[in-house]
Amino acid sequence: MRAEPIVVAGTDTGVGKTVFAAALTLALDGYYWKPVQAGVDSDGATDTLRARMLTGLPADRFLKEAYAFKAPLSPHRAAALDGAAIEPRRLRPPEVQGPLVVELAGGLLVPLSDDLLQADIVARWAAPVVLCARTSLGTINHTLLSVEALVKRGIPLLGIAFIGEPQPETEAAIARFSGARRLGILPWLAKPGARELRDAFAAGFRRADFIGRPPA
Ligand SMILES: Nc1ncnc2c1ncn2[C@@H]1O[C@H](COP(=O)(O)OP(=O)(O)OP(=O)(O)O)[C@@H](O)[C@H]1O
Ligand SMILES: [Mg+2]
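This note's numbering puts the first residue of the sequence shown at 693, with every later residue one more than the last.
So, in structure tokens, the structure goes:
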């Protein structure tokens, strides 16, 4: 049965989207896709490879990126340096026989080209978004701004997945001001591996919250 994709967005680059997306892919026994990879290490490491290593799921659960650029820069710039240009039609989520977890590049308003922001592509998909947010200082501003960017474009928000040390007051303030649902928290793991991610997701989230549409 084909399921709707779930988009894993972040308030910024480096907030833990790949680690969360790996945990979600495991929890849903699904597929993973990173449409735009900006930054391929000299040893070939990409988020797709990292997610595959983190989950231990078979290679066929990891779809090939639509674009993978060498430079660890904003996608519009990384593309230009590789002599490429991102075409929106190549960014449509592929159909797979199960839940598809789609990890965005960096934050929501990163440019994909000179006239296209990543959030504008996400709006075309009409798929629900999980917003990954740090719990550390600065997160209230980043997260509320990100929610505004989603609301402005009519993008359905499933809720917020916090990552890091629990900060209940910060998390509650974000939920209160944004009106978004707090889906749960993935703690900072000393050694993230498949077992640790499965256990942390089960302890910090409800799988049912990631199946089906967000409440209207
Ligand atoms: N829950 C966690 N426990 C332990 N380490 C984590 C956790 N989340 C993220 N990290 C580590 O923090 C770093 C950044 O995380 P990650 O690569 O998941 O961020 P990202 O949001 O996917 O970044 P990008 O914008 O490059 O895709 C990585 O080294 C990752 O291993
Ligand atoms: Mg990532």
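Backbone N, C-alpha and C fix where the C-beta goes; we use that ideal spot for every residue, glycine too.
* Top-ranked residue by Cα proximity to residue 931, from 832, 852, 759, 749 -> Summary: the structure shown does not reach residue 931, with the chain confined to residues 693 through 908, and so no result is reported for it.
* Quick one: any contact between the segment 881 to 889 and the segment 851 to 870, if contact means 3 or more CB pairs under 8 Å? -> The way I'd put it, the segment 881 to 889 doesn't touch the segment 851 to 870; fewer than three beta-carbon pairs between them come closer than 8 Å.
* Apart from the five residues on each side of it in sequence, which residues of its chain come closer than 7 Å, Cβ to Cβ, to residue 880? -> Residue mapping note: residue 880 aligns to position 188 of the sequence shown, counting from 1. Excluding sequence neighbours, residue 880 sits near 856, 857.
* If we count the other Cβ atoms within 10 Å of its Cβ and call it buried at 16 or more, is residue 870 buried or exposed? -> As a position in the sequence shown, residue 870 is number 178, starting the count at 1. Per the 10 Å Cβ criterion, buried.
* Report yes if the C-beta of residue 757 is less than 7 Å from at least one heavy atom of ligand 4; otherwise report no. => Only ligand 1 and ligand 2 can be found as ligands here, which leaves ligand 4 out of the picture.
* Asked: Exposed or buried, what is residue 784 when buried is set at 16 or more other beta-carbons lying within 10 Å of its beta-carbon?
  -> Within the sequence shown, the letter at position 92 stands for residue 784. Classification of residue 784: exposed, given that the 10 Å Cβ count is below 16.
* Any beta strand (DSSP E) of 3 or more consecutive residues that is wholly inside the segment 719 to 754 -> Secondary structure in the segment 719 to 754: the beta strand (DSSP E) runs of 3 residues or longer, each lying completely within the stretch, are 723 to 725, 728 to 730 in chain order.
* Asked: For ligand 2, any of its heavy atoms closer than 7 Å to the Cβ of residue 710?
  -> Within the sequence shown, residue 710 is the residue found at index 18, counting from 1. The answer is yes for residue 710.
* **Check: residue 817 C-beta below 7 Å from any heavy atom of ligand 1** => Along the sequence shown, one-based indexing puts residue 817 at 125. Residue 817 has its Cβ no nearer than 7 Å to any heavy atom of ligand 1.
* Asked: Is there contact here, the segment 738 to 755 with the segment 764 to 771, by at least three beta-carbon pairs under 8 Å?
  -> Flag = no, the segment 738 to 755 and the segment 764 to 771 do not touch.
* Cβ of residue 733 within 7 Å of any heavy atom in ligand 2? -> In the sequence shown, the residue the question calls residue 733 occupies position 41. No, the Cβ of residue 733 stays beyond 7 Å of every heavy atom of ligand 2.
* Asked: If you follow the beta strand (DSSP E) that residue 761 is part of, which residue opens it and which one closes it?
  -> Looking up residue 761 in the sequence shown gives position 69. Residue 761 -> beta strand (DSSP E) spans 759 to 761.
* Check: residue 863 C-beta below 7 Å from any heavy atom of ligand 2 -> Position 171 of the sequence shown, counted from the first residue, corresponds to residue 863. No, the Cβ of residue 863 stays beyond 7 Å of every heavy atom of ligand 2.
* To do: Inspect the beta-carbon positions of residue 793 and residue 716 and report whether they are closer than 8 Å.
  => As a first step, residue 793 must be located in the sequence shown, where it is residue number 101. As a first step, residue 716 must be located in the sequence shown, where it is residue number 24. In contact: residue 793 and residue 716 (Cβ atoms closer than 8 Å).
* Exposure label - residue 969; buried when at least 16 CB within 10 Å -> The structure shown does not extend to residue 969, since the chain spans only 693 to 908, so no value can be given for it.
* Count the other CB atoms within 10 Å of the CB of residue 843; is the residue buried (16 or more) or exposed (fewer)? -> Working through the sequence shown from its first residue, we reach residue 843 at position 151. Exposed is the call here.
* **Three or more C-beta pairs below 8 Å linking the segment 696 to 714 and the segment 823 to 832** => With the rule of 3 Cβ pairs closer than 8 Å, the segment 696 to 714 counts as touching the segment 823 to 832.
* Asked: Alpha carbon to alpha carbon, how far is residue 712 from residue 878?
  -> Looking up residue 712 in the sequence shown gives position 20. Looking up residue 878 in the sequence shown gives position 186. One alpha carbon belongs to residue 712, the other to residue 878, and they sit about 7 Å apart.
* **For residue 775, the nearest candidate out of 840, 759, 755, 899 (CA to CA)** => The count along the sequence shown starts at 1 and reaches residue 775 at position 83. It is 759.
* What is the rounded straight-line gap between the Cα of residue 806 and the Cα of residue 836? -> The residue labelled residue 806 in the question sits at position 114 within the sequence shown. The residue labelled residue 836 in the question sits at position 144 within the sequence shown. Roughly 25 Å between the two C-alpha positions.
* Of the listed residues 900, 840, 903, nearest to residue 801 (C-alpha basis) -> Here residue 801 is taken as the residue at index 109 of the sequence shown, counted from 1. The candidate whose alpha carbon is nearest that of residue 801 is 840.
* Compute the Euclidean distance between the alpha carbons of residue 748 and residue 718, then round it to the nearest angstrom. => Here residue 748 is taken as the residue at index 56 of the sequence shown, counted from 1. Here residue 718 is taken as the residue at index 26 of the sequence shown, counted from 1. Just so you know, the alpha carbons of residue 748 and residue 718 end up roughly 9 Å apart.
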